[in-house]
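Colleague: Encoded as structure tokens, here's the structure I'll be asking about.
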Amino acid sequence: MASTRQIHVGSVPVGGGAPVAVQTMTKTETANLQATMAQIRTVADAGADIVRVAVPREQDVEALKTIVATSPIPVIADIHFNHTLALKAIEAGAHCVRLNPGNIGGPEKVAEVIALAKQRGTPLRVGVNSGSLPKHLRQLEYDNPVEALVTAAIETVQLMERLGFEDFKVSMKSTSVPNTIASNRMLSQKVPYPLHLGVTEAGTKWSGSLKSAVGLGTLLADGIGDTIRISLSTFHAEEEVKVAWEILKALKLRERGPDLIACPTCGRLQFDMDSVVAEVERRLEAYEDPIEVSVLGCAVNGIGEARHADFGITGAKDMGMIYSKGEPLKKVPTEQLVDELFKEIDRYYAAGKTVQRDEAAAADARAWLAENEDATAMTPERIAALEAAAGTQPEGLGQEDADADAVLSSMLSHAAGDEREPAAVALDEADSPVAGRRFSRS
Ligand code: SF4
Numbered sequence: 008m009a010s011t012r013q014i015h016v017g018s019v020p021v022g023g024g025a026p027v028a029v030q031t032m033t034k035t036e037t038a039n040l041q042a043t044m045a046q047i048r049t050v051a052d053a054g055a056d057i058v059r060v061a062v063p064r065e066q067d068v069e070a071l072k073t074i075v076a077t078s079p080i081p082v083i084a085d086i087h088f089n090h091t092l093a094l095k096a097i098e099a100g101a102h103c104v105r106l107n108p109g110n111i112g113g114p115e116k117v118a119e120v121i122a123l124a125k126q127r128g129t130p131l132r133v134g135v136n137s138g139s140l141p142k143h144l145r146q147l148e149y150d151n152p153v154e155a156l157v158t159a160a161i162e163t164v165q166l167m168e169r170l171g172f173e174d175f176k177v178s179m180k181s182t183s184v185p186n187t188i189a190s191n192r193m194l195s196q197k198v199p200y201p202l203h204l205g206v207t208e209a210g211t212k213w214s215g216s217l218k219s220a221v222g223l224g225t226l227l228a229d230g231i232g233d234t235i236r237i238s239l240s241t242f243h244a245e246e247e248v249k250v251a252w253e254i255l256k257a258l259k260l261r262e263r264g265p266d267l268i269a270c271p272t273c274g275r276l277q278f279d280m281d282s283v284v285a286e287v288e289r290r291l292e293a294y295e296d297p298i299e300v301s302v303l304g305c306a307v308n309g310i311g312e313a314r315h316a317d318f319g320i321t322g323a324k325d326m327g328m329i330y331s332k333g334e335p336l337k338k339v340p341t342e343q344l345v346d347e348l349f350k351e352i353d354r355y356y357a358a359g360k361t362v363q364r365d366e367a368a369a370a371d372a373r374a375w376l377a378e379n380e381d382a383t384a385m386t387p388e389r390i391a392a393l394e395a396a397a398g399t400q401p402e403g404l405g406q407e408d409a410d411a412d413a414v415l416s417s418m419l420s421h422a423a424g425d426e427r428e429p430a431a432v433a434l435d436e437a438d439s440p441v442a443g444r445r446f447s448r449s
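The sequence shown: position 264 = 271 (our numbering), numbered continuously.
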């Protein structure tokens with residue numbers, strides 16, 4: 008269940024229907040102002056909405072004042088064990104303080120931090136980690152780790168409420184993907200507060216990204232989760248931000264920059280598509296607009312699945328083609344495909360987002376496509392032509408046949424590029440758990 012309460016971390020709304028915020032954490036020594044600010048600017052440029060910095064020492068909390076004053080995005084101070092540092096972080100103007108109330112020295116010290124947070128209007132992120140649950144939950148953790156995590160989180164929430172404090176978000180961190188999913192699903196049914204999601208110590212860029220995509224993606228698709236952090240073993244915090252964005256973009260929860268579609272390649276490929284895709288991806292980083300760009304390895308299936316792409320290329324041994332929205336634009340030598348693709352994209356923007364079409368060049372490209380398509384392949388265009396030629400449904404179909412025919416028709420209309428969704432899989436946006444949360448923050 009989606010959270011209903013909203014808090015503000017600096018200028019960023021979190022929870023209560025706000026777009027899912029992307030967080031990361033600096034990997035520098037916080038007191039090293041030059042390195043920390045450089046990393047904060049890098050992650051902000053990569054799309055981080057909020058950044059967290061570790062504050063384990065006095066010199067870090069000193070540096071925090073300057074960091075908060077100069078950071079382009081809100082800053083969360085990450086505190087463990089030391090309530091004095093938490094108090095100083097609030098005084099330093101941190102936009103939020105992350106702490107685990109179970110490890111900062113007892114209820115009186117928690118109350119002291121909460122009193123100051125209330126006075127200064129500073130929200131907190133409170134939470135529990137699977138590795139540091141309170142002693143009384145150790146046996147439960149052994150028997151049922153999910154229930155133990157949720158119980159610990161609820162005890163923390165109750166403590167906040169007893170102290171009259173509701174300006175917080177909650178996190179439960181586990182290294183286990185199934186436990187992350189199960190515990191957040193359970194907690195989201197029990198509390199209205201925003202949830203921060205992450206798979207802790209997820210691992211390397213490769214495995215950690217996948218674990219996070221599965222764990223966080225599953226929850227986000229259910230409408231659960233208000234901020235996300237991808238924990239990767241890399242010194243480059245911007246990599247975490249990029250992965251977070253790819254997850255949000257894949258779920259169509261937020262948009263940022265172009266979307267690159269590329270075929271997986273197969274034995275029909277006749278050019279170095281690996282390098283071409285990498286080059287297209289690199290050059291697309293310079294664009295902020297969420298255009299869709301496709302790279303197909305061959306023309307066997309015509310423009311196929313890429314027919315909705317704003318721009319695309321399909322290659323062959325010597326010659327390739329540039330297309331836009333399913334229509335050929337021009338054919339060009341394979342080695343010039345990438346340059347010419349970007350010339351077309353730039354012309355499109357220069358003309359106020361209007362595709363510039365030269366009819367003679369387009370006709371030339373269409374002829375090339377017809378020559379290079381597989382004459383036996385069931386392209387969407389051919390399926391549409393066959394459908395049109397087939398005429399009406401034969402009489403005397405039984406119910407099963409009629410059902411099968413309906414499914415086939417639905418598949419055919421999809422393959423033919425029919426915009427209508429088949430009724431059996433139609434998604435009602437209003438009923439979607441993520442309804443209303445799409446694209447509302449750039
Ligand atoms: S577009 Fe061509 S090269 Fe790419 S996977 Fe399909 S058939 Fe293979």
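Backbone N, C-alpha and C define an ideal beta-carbon position, used for all residues, glycine too.
Please read these numbers as outputs of a predicted model, since none were measured by experiment.
Which partner residues of D85 appear in the DSSP bridge assignment?
Modeller: Here residue 85 refers to the residue found at position 78 of the sequence shown. D85 is bridged to A61, R105.
Colleague: Note down the Cα distance separating D296 from P265, rounded to an integer number of angstroms.
Modeller: Translated into the one-based positions of the sequence shown, residue 296 becomes position 289. Translated into the one-based positions of the sequence shown, residue 265 becomes position 258. When rounded, the distance between both Cα atoms is 6 Å.
Colleague: Using beta-carbon positions only, say whether V104 and A84 come within less than 8 Å of one another.
Modeller: As a working note, residue 104 is residue 97 in the sequence shown. As a working note, residue 84 is residue 77 in the sequence shown. It is a contact, given that the beta carbons lie within the stated cut-off.
Colleague: Over the uninterrupted alpha helix (DSSP H) stretch that includes G224, give me the two end residues.
Modeller: Stepping through the sequence shown from its first residue, residue 224 is reached at position 217. That run of the alpha helix (DSSP H) goes 212 to 228.
Colleague: Using the three-state DSSP reduction, which class does K338 fall into: helix, strand or coil?
Modeller: Your numbering for residue 338 matches position 331 in the sequence shown. Here K338 sits in strand by DSSP.
Colleague: Going by DSSP, what residues sit across from H15 in a beta bridge?
Modeller: For the purposes of this step, residue 15 is taken as residue 8 along the sequence shown, with counting starting at 1. Per DSSP, P20.
Colleague: Between P108 and T158, which are expected to be in contact by the criterion C-beta below 8 Å, what is the C-beta distance as a whole number of angstroms?
Modeller: As a working mapping, residue 108 is identified with position 101 in the sequence shown. As a working mapping, residue 158 is identified with position 151 in the sequence shown. About 14 Å; that fails the 8 Å criterion.
Colleague: The ligand SF4 and G327: does the residue's C-beta get closer than 7 Å to at least one heavy atom of that ligand?
Modeller: Position 320 of the sequence shown, counting from 1, holds the residue named residue 327. Checking every heavy atom of the ligand SF4 against the Cβ of G327, none is found closer than 7 Å.
Colleague: Can you find at least 3 beta carbon pairs, one from the region 16 to 36 and one from the region 51 to 62, that sit closer than 8 Å?
Modeller: Yes, the region 16 to 36 touches the region 51 to 62.
Colleague: With T31 as the anchor, note down where its beta strand (DSSP E) starts and where it stops.
Modeller: Here residue 31 refers to the residue found at position 24 of the sequence shown. Segment 28 to 32, the beta strand (DSSP E) holding T31.
Colleague: Ignoring anything shorter than 4 residues, give me the alpha helix (DSSP H) runs that lie fully in the region 151 to 180, in order along the chain.
Modeller: For the region 151 to 180, whole alpha helix (DSSP H) runs of length 4 or above, ordered along the chain, are 152 to 169.
Colleague: List the endpoints of the continuous beta strand (DSSP E) containing E36.
Modeller: For the purposes of this step, residue 36 is taken as residue 29 along the sequence shown, with counting starting at 1. Neither: E36 is in no beta strand (DSSP E) and is coded neither H nor E.
Colleague: Scan the region 90 to 138 and note each continuous beta strand (DSSP E) run of 3 residues or more that stays entirely inside, going in chain order.
Modeller: As far as the region 90 to 138 is concerned, its whole beta strand (DSSP E) runs of at least 3 residues are 103 to 106, 131 to 136.
Colleague: Just how far apart, CA to CA, sit R373 and L267?
Modeller: Here residue 373 corresponds to residue number 366 of the sequence shown, with the count starting at 1. Here residue 267 corresponds to residue number 260 of the sequence shown, with the count starting at 1. Looking at the two C-alpha atoms, the distance is approximately 23 Å.
Colleague: Is it buried or exposed for A411, if we count other Cβ within 10 angstroms and need 16 for buried?
Modeller: For the purposes of this step, residue 411 is taken as the residue at position 404 of the sequence shown. Because A411 carries a pLDDT of 47, less than 50, the predicted location of this residue cannot be relied on, and the following value inherits that uncertainty. It is exposed - the Cβ of A411 has fewer than 16 other Cβ atoms within 10 Å.
Colleague: Rank A124, Q277, E253 by C-alpha distance to the C-alpha of E98 and give the top, closest one.
Modeller: Within the sequence shown, the letter at position 91 stands for residue 98. Ranking the options by Cα distance to E98, first place goes to A124.
Colleague: The ligand SF4 and P271: does any heavy atom of the ligand fall closer than 7 Å to the residue's C-beta?
Modeller: Taking the sequence shown and counting its residues from 1, the one referred to as residue 271 is at position 264. Yes, the ligand SF4 has a heavy atom inside 7 Å of this Cβ.
Colleague: Which term fits A251, buried or exposed, when burial requires 16 or more other beta carbons within 10 angstroms of its beta carbon?
Modeller: Residue mapping note: residue 251 aligns to position 244 of the sequence shown, counting from 1. Burial call: buried.
Colleague: With DSSP as the reference, identify every bridge partner of Y355, one or two as the case may be.
Modeller: Against the sequence shown, residue 355 aligns to sequence position 348. According to DSSP, Y355 bridges with nothing at all.
Colleague: Report the rounded CA-to-CA distance for I254 versus E168, giving the unit in angstroms.
Modeller: Position 247 of the sequence shown, counted from the first residue, corresponds to residue 254. Position 161 of the sequence shown, counted from the first residue, corresponds to residue 168. Spanning the two alpha carbons is a distance of roughly 33 Å.
Colleague: Under 7 Å from any heavy atom of the ligand HEM, does the C-beta of L267 make it?
Modeller: No copy of the ligand HEM occurs in the structure displayed; its ligands are the ligand SF4 alone.
Colleague: Considering only their Cβ atoms, is the gap separating L170 from I121 smaller than 8 Å?
Modeller: For the purposes of this step, residue 121 is identified with residue 114 of the sequence shown, where counting begins at 1. For the purposes of this step, residue 170 is identified with residue 163 of the sequence shown, where counting begins at 1. Contact flag set, yes.
Colleague: Please state whether DSSP places Y294 in a helix, a strand or coil.
Modeller: Here residue 294 refers to the residue found at position 287 of the sequence shown. Three-state DSSP puts Y294 in coil, outside helix and strand.
Colleague: Is there contact between the region 64 to 82 and the region 147 to 156, where contact requires at least three CB pairs shorter than 8 Å?
Modeller: Result no; under three Cβ-Cβ pairs closer than 8 Å.
Colleague: Going by DSSP in three states, H203 sits in which element: helix, strand or coil?
Modeller: Locating residue 203 in the sequence shown gives position 196, where the first residue counts as 1. Of the three classes helix, strand and coil, the one that applies to H203 here is strand, per DSSP.
Colleague: Can you tell me whether H90 is buried or exposed? The criterion is at least 16 other CB atoms within 10 Å of its CB, across all chains shown.
Modeller: Working through the sequence shown from its first residue, we reach residue 90 at position 83. Classification for H90: buried.
Colleague: What is the rounded straight-line gap between the Cα of V19 and the Cα of P79?
Modeller: Translated into the one-based positions of the sequence shown, residue 19 becomes position 12. Translated into the one-based positions of the sequence shown, residue 79 becomes position 72. Rounded to the nearest angstrom, the two C-alpha atoms are 12 Å apart.
Colleague: For the beta strand (DSSP E) containing E5, name the first residue and the last one.
Modeller: The first residue shown for the chain is 8 and the last is 449, placing residue 5 beyond what the model contains.
Colleague: If you follow the alpha helix (DSSP H) that R48 is part of, which residue opens it and which one closes it?
Modeller: For the purposes of this step, residue 48 is identified with residue 41 of the sequence shown, where counting begins at 1. That run of the alpha helix (DSSP H) goes 40 to 53.
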